[in-house]
Amino acid sequence: MSWITTLYATMAALSATLGGVYLAAWLMQREDGSYLLFVALAASVIGVAGIELWMLRAPTPEVYGLALRWLHVPIWSGISVFVILAYLRLRPRFPLIGWLALGLRTAALVPNFVSGANLNYLALTDLDQITLLGEPVVVVTGVPNPWMLMGQASNALLFLFILDGSISVWRRGEGARAIALALGLLASVTLSATHAVLTFWGFTQVPVMFTPLLLFVAAAMGFELSFGLLRAARAERDVEVKEAALSLSEQRLSLAAEAADAGFWSLDGQSGAVWATAKTRELFGLPAAGDLRLGAFLDRVHGEDRTRLEQLIATTLRPNERYRAEFRVADPDGRVRWLAGLGRGVGEPEGPKTLMGVCVDITERRAMLDKIHRQRARLEQVSKLETLAELSASLAHELNQPLAMILTNAEAAQALLAQERPDLTEVREILADIVSADRRAADVIQHLRALVHRGVPQRETLLLEDAIHRVLGLLANEIDDRGVSLALRLASDLPSVQADRILIEQVLLNLLDNACDAVADNPTGERRVSIVTRRQADRVLLEVTDNGGGLSDPQRVFDPFYSTKPGGLGMGMAIVRSIVSSHRGQVSLESATGQGTSVQVSLPRDGGTS
Amino acid sequence: MTAEPVVYLLDDEPDMLKALARLLHAQGFQAQCFSSAREFLAHERPDGPACLVLDVAMPEIDGLQVQERLRERGAELPIVFLTGHGDIPMSVCALKAGAEDFLTKPVNAADLLRAVKGALQRASDQQVERKEMAALRERLASLTPRERDVLGHVIAGKLNKQIAADLGTGEQNIKVHRGRLMRKMGVRSLAELVRLAERLGIPPSG
Chain Y
1 MSWITTLYAT
11 MAALSATLGG
21 VYLAAWLMQR
31 EDGSYLLFVA
41 LAASVIGVAG
51 IELWMLRAPT
61 PEVYGLALRW
71 LHVPIWSGIS
81 VFVILAYLRL
91 RPRFPLIGWL
101 ALGLRTAALV
111 PNFVSGANLN
121 YLALTDLDQI
131 TLLGEPVVVV
141 TGVPNPWMLM
151 GQASNALLFL
161 FILDGSISVW
171 RRGEGARAIA
181 LALGLLASVT
191 LSATHAVLTF
201 WGFTQVPVMF
211 TPLLLFVAAA
221 MGFELSFGLL
231 RAARAERDVE
241 VKEAALSLSE
251 QRLSLAAEAA
261 DAGFWSLDGQ
271 SGAVWATAKT
281 RELFGLPAAG
291 DLRLGAFLDR
301 VHGEDRTRLE
311 QLIATTLRPN
321 ERYRAEFRVA
331 DPDGRVRWLA
341 GLGRGVGEPE
351 GPKTLMGVCV
361 DITERRAMLD
371 KIHRQRARLE
381 QVSKLETLAE
391 LSASLAHELN
401 QPLAMILTNA
411 EAAQALLAQE
421 RPDLTEVREI
431 LADIVSADRR
441 AADVIQHLRA
451 LVHRGVPQRE
461 TLLLEDAIHR
471 VLGLLANEID
481 DRGVSLALRL
491 ASDLPSVQAD
501 RILIEQVLLN
511 LLDNACDAVA
521 DNPTGERRVS
531 IVTRRQADRV
541 LLEVTDNGGG
551 LSDPQRVFDP
561 FYSTKPGGLG
571 MGMAIVRSIV
581 SSHRGQVSLE
591 SATGQGTSVQ
601 VSLPRDGGTS
Chain A
1 MTAEPVVYLL
11 DDEPDMLKAL
21 ARLLHAQGFQ
31 AQCFSSAREF
41 LAHERPDGPA
51 CLVLDVAMPE
61 IDGLQVQERL
71 RERGAELPIV
81 FLTGHGDIPM
91 SVCALKAGAE
101 DFLTKPVNAA
111 DLLRAVKGAL
121 QRASDQQVER
131 KEMAALRERL
141 ASLTPRERDV
151 LGHVIAGKLN
161 KQIAADLGTG
171 EQNIKVHRGR
181 LMRKMGVRSL
191 AELVRLAERL
201 GIPPSG
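As you go down the protein sequences, you meet chains Y and A in turn. Residue numbers 1 to 610, in the UniProt record's numbering, belong to the letters of the first sequence in order. Residue numbers 1 to 206, in the UniProt record's numbering, belong to the letters of the second sequence in order.
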């Protein structure tokens, strides 16, 4: 085997390999058309190499002419690829030049097949054999075809086009990949065009050998390929690094979740499928494994909270929306717990929507808050009573002094007048002192009135139902703890009242407290308390009934300091009556031993006349 | 009874003091007013039945402290307390310390008069008792040492023979001493003598 054959065979094999790789790449990734361009380029190089080998071994000038004529086909296809590649990759400033070059080259195929022997020669006159690199090769002489200028003009334009592209690449400061392609194309085109001019116009006696010059293009193709491989390897490594980071951040997340005792979940907005951690499933009382949908979660949510939560999720199911909610969840065994949920919508505005969230159990926190709340309310009540006690003590003291004086003076006067000759001057003085002591007492009362006046009830429009719910909010746990079952029958059309919210809540608190105490001795399951509201003409009625032991002396319960409870202060019902009267209302009580107690409070409705 | 009984009134409230004084005057009592504890404690009290109507709540020295000071001085003065508000622990305290009565204001005339009369009665009883005791002590002092010795043995319930043996003298002698001391002490029976000795705090001998 000679060097020439080896060289051409190597070039063809190299191109075939590259072409094969690009073809395989294109088959796997069809959207990238540039792979197909490289395949076409490789095919063109193979074509050029094969036909040139045929020419170098041509036995007669006719065969040589025919081979050269066919050589223009892979040349045309190669140049087509050059132009398209240059246009796509180098993005020259004047693409028209490229299209002109391609047009000229295509047009030149006509004279190639029609005039003379081929585009280059009108006729081939002589055929010599010379030895090149130890192998005999053919050199020809002939009459140049003037149409050849078309091809060479095309070459010149192509050179300009690629030069322009190369300059553009350089100016844009693009990477090695574009520069390699530009240099490869530029070198091949320059050398090939020069070689063609020198050979075909008969300036030199050398064999036509374009193939070696196309090595640069093959190199560019190889570089492109290696670049792609490199990129793939780097991408793979990136993926590994990112996966490692992801797993680390997942571990951190799960640690945080564990520390916060929080459950994580995410909802696919389109399918409604939910991914949830074991903790989330546990919090919602759902099975630890198996597919879940949003509905399964919502089924567990307390009926009163469900609609609200559903709406929240629906509105949050868009990017960057957030929600925060506290809601109740009922276990399959009926245990109610409070959860706090925090969620955020993620995804592109137009893309698939996902809601990611976290939830924690706040039952204990709620219970604690409730307790604090209740204790505070109790404290307020106690402090009110203490103030009352202090007030009455000081009132008693202030009034006692003048009253004692009046009594003593009056009795002294009686004793004086009982004498045979009463000292009337003395009696007059006594009466004057009595008057002044009485004034003093009146002053004390006046002072007290001013004091009480400052704490006059704040009237506001109040719905009894709201007050009831607020008080129940305070007492809910206590009622529960004491095993009392509470029935509410609240009229839906109840008018509002003008009342002091705090005071009315105090009334409710006292009544409920008494009712719960009254049923405490009943067996579990038999402790019933009901709250009923009703409208009655211009009045609003509230009834708190219990099925407790009843009272032996119902009317005394309104007396201050009368109590039926051990350790009771005996102020509860007195306060109820005083508050209700201050609202122009009435309170009545029905009770019989062993038959429970019912307290009825009636208040004038808002805007009512009574 | 030698002197007119006096009711001392002690209250920091002048109007109240005046009213109380009027009431007592109208009932025929002699009342003397003091508006501070200091003033009252500095006052030289004449001999004679007296009682104190004392307000508990007073600035500086309160009613209970006045009671305490009087007791320290050994003054036997029945006290009727007056208080603005019935404070049970305080009244218990006062009554334990020998208060005659504990009344809450406003006090009605009947209660006050009853308490004051009771207190004065006690005061005069105390005075009678004091006088009797003084007389008894005088009689006791008139006994000779021998008669004093015999007295101790007599109230121990011993027979003349036993006493004579104990004192180392004759039974006849004892009999004479015994008759003399009975006469000196102004008693006619042994029972009377024993009671007297008891009041005087003389221990039986032997």
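Each residue gets a CB set at the ideal place from its N, CA and C atoms; glycine is no exception.
So with Cβ pairs under 7 Å, would you call A:L120 a contact of chain Y?
Answer no: the Cβ-Cβ gap between A:L120 and chain Y never drops below 7 Å.
Which residues, in chain order, does the stretch 477-499 of chain Y contribute to contact with chain A at a C-beta distance below 9 Å?
Within the stretch 477-499 of chain Y, no residue places its CB atom closer than 9 Å to a CB of chain A.
Please go through the same chain and pick out, in chain order, the residues whose beta-carbon is closer than 7 Å to the beta-carbon of Y:W275, but skip the five residues on each side of it.
Contacts found: W265, S266.
Whole angstroms are fine: how far does the CA of Y:D500 sit from the CA of Y:L451?
Here Y:L451 scores only 47 on pLDDT, less than 50, and its place in the model should not be relied on; the value that follows carries that caveat. When the Cα atoms are used, Y:L451 and Y:D500 turn out to be separated by approximately 18 Å.
Distance cutoff 7 Å, beta carbons only. Does Y:T609 sit that close to anything in chain A?
Interpretation of Y:T609 is limited by its pLDDT of 48, a score under 50 that renders its predicted location unreliable; the figure taken from the coordinates is listed afterwards. The beta carbon of Y:T609 does not come within 7 Å of any beta carbon belonging to chain A, so the residue lies off that interface.
Best match in A:K158, A:A99, A:V128 for proximity to A:V53 [C-alpha to C-alpha]
The shortest Cα separation from A:V53 among A:K158, A:A99, A:V128 belongs to A:A99.
Please state whether DSSP places A:S205 in a helix, a strand or coil.
Of the three classes helix, strand and coil, the one that applies to A:S205 here is coil, per DSSP.
List, in chain order, every chain Y residue whose beta-carbon is nearer than 8 Å to that of A:G84.
Per Cβ cutoff of 8 Å: H397, N400, Q401, A404.
Cutting at 7 Å between CB atoms, please list the residues of its own chain near Y:L37, excluding the five before and the five after it.
Close CB contacts of Y:L37 within its chain, under the 7 Å cut and outside five residues either way in sequence, are with V81, I84, L85 (chain order).
Grouping DSSP H, G and I as helix and E and B as strand, with all else coil, what is Y:D546?
Collapsing the DSSP output to three states places Y:D546 in a strand.
Mind checking if Y:A415 is an interface residue toward chain A, Cβ cutoff 7 Å exclusive?
Y:A415 has a beta carbon lying within less than 7 Å of a beta carbon in chain A.
Cβ-based burial, Y:A314 [other Cβ within 10 Å; buried from 16]
Classification for Y:A314: exposed.
Residue-level contact to chain A via CB, Y:T408, 7 Å cutoff
Closer than 7 Å: yes.
Y:V206: buried (16+ other C-beta within 10 angstroms of its C-beta) or exposed?
Taking all protein chains shown into account, Y:V206 has fewer than 16 neighbouring C-beta atoms within 10 Å of its C-beta and is therefore exposed.
Give every residue of the same chain whose Cβ lies closer than 6 Å to the Cβ of Y:R527, excluding the five residues on either side of it in the sequence, and list them in chain order.
The residues are G483, V484, V519.
Would you list, in sequence order, the uninterrupted beta strand (DSSP E) runs of no fewer than 3 residues that lie entirely inside the stretch 53-138 of chain Y?
Complete beta strand (DSSP E) runs here, min 3: 121-132.
Would you say A:K58 lies against chain Y (beta-carbon separation less than 7 Å)?
Checking the displayed sequence, the identity of residue 58 of chain A turns out to be Met instead of Lys. For A:M58, the answer is no, since every Cβ of chain Y falls outside 7 Å of its Cβ.
CA-to-CA distance, Y:A396 to Y:V557, given in whole angstroms:
Approximately 23 Å between the Cα atoms of the pair.
Of the listed residues Y:V360, Y:E52, Y:L541, nearest to Y:V139 (C-alpha basis)
Looking at the Cα atoms, Y:E52 is the closest of the given residues.
A:M1 to A:P46, Cα distance in whole Å?
Caution applies to A:M1, whose pLDDT of 44 falls short of 50 and renders its modelled position unreliable; the value that the coordinates give is listed next. For A:M1 and A:P46, the distance between alpha carbons rounds to 14 Å.
Let me see if you follow: with CB-CB separation under 7 Å, is Y:E411 close to chain A or not?
It does; some Cβ of chain A falls within 7 Å.
Just the Cα atoms here: how many angstroms apart are A:K184 and A:E147?
Between A:K184 and A:E147, the alpha-carbon positions lie close to 10 Å from each other.
Under 8 Å, with one C-beta from each stretch per pair, do the stretch 66-78 of chain A and the stretch 118-137 of chain A reach the 3-pair mark?
In short, these stretches touch, since the Cβ pair count reaches three.
For a cutoff of 7 Å on Cβ pairs, would you count A:P106 as touching chain Y?
Yes - at least one Cβ of chain Y is within 7 Å of the one on A:P106.
Are there 16 or more other CB atoms within 10 angstroms of the CB of Y:P136, so buried, or fewer, so exposed?
Per the 10 Å Cβ criterion, exposed.
For Y:I362, which three-state DSSP category applies?
Here Y:I362 sits in coil by DSSP.
Chain A contact residues for Y:A441, given Cβ-Cβ distances below 8 Å
By Cβ distance, chain A contributes nothing, its closest Cβ being about 11 Å from Y:A441, past 8 Å.
Taking just the CA atoms, how far does Y:A43 sit from Y:L229?
If you take the alpha carbons of Y:L229 and Y:A43, they lie about 22 Å apart.
Can you check whether the C-beta of A:Q32 is within less than 7 Å of a C-beta belonging to chain Y?
Judged by the 7 Å Cβ criterion, A:Q32 is not in contact with chain Y.
Starting from Y:E460 and walking both ways along the beta strand (DSSP E), at which residues does that stretch end?
First-last of the beta strand (DSSP E) with Y:E460: 460-462.
Mind pulling the chain D residues with CB within less than 8 Å of A:M16?
Of the chains in the structure shown, none is chain D; the protein chains are Y and A.
What runs of the alpha helix (DSSP H), each 4 residues or longer, lie entirely inside the stretch 454-527 of chain Y?
Counting only runs of 4 or more, we get 464-481, 501-518.
With three or more C-beta pairs closer than 8 Å as the rule, is the stretch 116-136 of chain Y touching the stretch 168-186 of chain Y?
When C-beta atoms of the stretch 168-186 of chain Y are compared with those of the stretch 116-136 of chain Y, fewer than three pairs fall below 8 Å, so the two segments do not count as touching.
Compute the distance between the beta-carbons of residue 657 of chain Y and Y:A123, then report whether it is under 7 Å.
Lying outside 1 to 610, the shown extent of chain Y, residue 657 of chain Y is not represented and no answer is given.
In terms of residues, what are the limits of the beta strand (DSSP E) holding Y:W26?
Careful: Y:W26 lies outside any beta strand (DSSP E), inside the alpha helix (DSSP H) at 3-28.
May I ask which residues mark the beginning and end of the alpha helix (DSSP H) holding Y:S154?
Secondary structure note for Y:S154: its alpha helix (DSSP H) is the uninterrupted segment 148-172.
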